[in-house]
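Student: Residue numbers for the sequence shown follow our numbering, beginning at 59 and rising by one. Just so it is clear, CB atoms sit at the ideal spot from N, CA and C, and this is done for glycine as well. I am attaching a structure below and will ask some questions about it afterwards.
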Amino acid sequence: MNHPEHPPAHAAVEVHHPQPLPVQPTAAPLVPAPSGVAGTVQSVVLPDGRVVTGYTLTPTATAEPAPVVRPAVSRTAVNIALGGIGFAAFCGGLALAAAFIAALAALVQQLIILAAVIFGGWIAVTVFGPGHRGAGGATVNIRKAVIKRSRFYG
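Here you go:
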């Protein structure tokens, strides 16, 4: 029985070694360059035989750096002035805070006085009011008195 996988023992064995395919250089895609920008075309041959083609780059002229312009007022002077304005605003805020605390203290004082007046009136009405006659107080009977020649006859 002959199997395609197993050739008969008497058949000659043929060995094939893979051969590398020659590399065909591929052309790079062409990119259109705007007119007046591209330089001349140059080709360079690399040591392995490949050829690289490209445009030469012309260095662009660099503009001279702009001269440093110093401001009319130094930064230190501006910082000192801003610090003074900030300090003045802070002191003004402290003055407002002190005035607010003084007004709040006066309000609390007025509320305490108002509470004392209302509570004192309530105590006076409770103690001396008409509902508590004879509840531990001294009773005084007033009789008809006669006053003659600046003398009291009771």
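#1: Do Val102 and Val110 count as a contact pair if the criterion is CB distance below 8 angstroms?
#2: Tell me, please, which residues DSSP counts as bridged to Val175.
#3: Which runs of the beta strand (DSSP E) spanning at least 3 residues fall entirely within the stretch 107-147, listed in chain order?
#4: Do you know offhand how far Val73's Cα is from Pro80's?
#5: Give the DSSP-derived three-state secondary structure of Gln82 in the structure shown.
#6: Can you give the Cα-Cα distance for Gly151 and Val126, rounded to whole angstroms?
#7: For Ala157, which residues of its own chain have a beta-carbon under 8 angstroms away from its beta-carbon, when the five flanking residues on both sides are left out?
#8: For Gln100, which beta-bridge partners are listed by DSSP?
#9: Kindly list the residues whose CB is nearer than 7 angstroms to the CB of Thr134, restricted to its own chain and excluding five residues on each side of it in sequence; keep chain order.
#10: If you draw a straight line from the alpha carbon of Ala121 to that of Ala130, how long is it in whole angstroms?
Tutor: Looking at the atomic coordinates:
#1: yes
#2: Note: Val175 sits in no beta bridge, so no partner.
#3: 109-113
#4: 22 angstroms
#5: coil
#6: 41 angstroms
#7: none
#8: Gly112
#9: In the same chain as Thr134, and ignoring 5 residues on each side of it, no C-beta atom comes closer than 7 angstroms to its own.
#10: Using only the alpha carbons, I get a separation of about 26 angstroms.
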